[in-house]
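In mature numbering (1 follows the signal peptide of the UniProt record, and there is no 0), the protein residues as written are -22 to -1, 1 to 209. Built from N, CA and C at the ideal position, the CB exists for glycine as well.
Here's what the structure looks like:
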């Protein structure tokens, strides 16, 4: 599905070699990174972006990676779709640095940024997750050259995941994110409500089947289209 996209996978193996003083669980998770077993970033872009079309960025995690190819198809001829996904979640100070690095690598004017990063960082408290969300919003506002932002709620899990994801924690994170987005007047793409009605489309505890990702992509496309039409 992504054969015609130029995809860059950056496995952050160097992070895993950090000194033990950094890799250990810190006392203040809002100030230091708590690493997962595997850390990664992933960026994708169209092979031949049309300069006459607006640029759209999907920023998120592996859930976003799942629906990105279908969103690209649905918006063909309407927008150039870009992806930046990472395992660094809100609460992890690496996230803002990674966002800064992405915009330095891809200095584009984006019309819309659709973003979420709630399915990682389960060693951070929900309070740390929520208190860091404004920094993410401010970074996107500062770097995106006036893009319209839309926040996607974090999707439910089929069963509690060994990495720490549970539906009660996801509900707390979504509540934290809603307060932040209301504060910044950012519209919501309620992917949680959408996929709560499609638990049968899970592929494992966290991710979705191709049909599940297609259902997500359709809603993403509809919301982005509305924002593009309002430009």
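Where DSSP assigns a beta bridge to residue i, which residues make up the other side?
i          : result
residue 33 : 58, 88
residue 64 : 19
residue 93 : 37, 129
Using DSSP with H/G/I as helix, E/B as strand and the rest coil, what is residue i?
i           : result
residue 99  : coil
residue 42  : helix
residue 195 : helix
residue 209 : coil
residue 10  : coil
residue 71  : coil
residue 53  : coil
I'd like to know whether the C-beta atoms of residue i and residue j end up nearer to each other than 8 angstroms.
i           : j           : result
residue 78  : residue 130 : no
residue 170 : residue 152 : yes
residue 98  : residue 198 : no
residue 60  : residue 34  : yes
residue 64  : residue 95  : yes
residue 159 : residue 133 : no
residue 31  : residue 72  : no
residue 205 : residue 128 : yes
residue 210 : residue 52  : Within the shown structure, residues of the chain are numbered from -22 to 209, placing residue 210 beyond reach of any answer.
residue 185 : residue 16  : no
residue 28  : residue 87  : no
So residue i and residue j are in contact, right, with Cβ under 8 angstroms, and what is the actual spacing, rounded?
i           : j           : result
residue 139 : residue 191 : About 18 angstroms; that fails the 8 angstroms criterion.
residue 54  : residue 102 : Actually they do not touch by this definition, with Cβ atoms about 37 angstroms apart.
residue 80  : residue 62  : 5 angstroms
residue 100 : residue 142 : 3 angstroms
residue 70  : residue 155 : Not quite, the Cβ-Cβ distance comes to about 15 angstroms (not below 8 angstroms), so this is no contact.
residue 74  : residue 113 : 6 angstroms
Segments assigned alpha helix (DSSP H), at least 4 residues, entirely inside the stretch 104 to 189: 104 to 121, 145 to 162, 169 to 174
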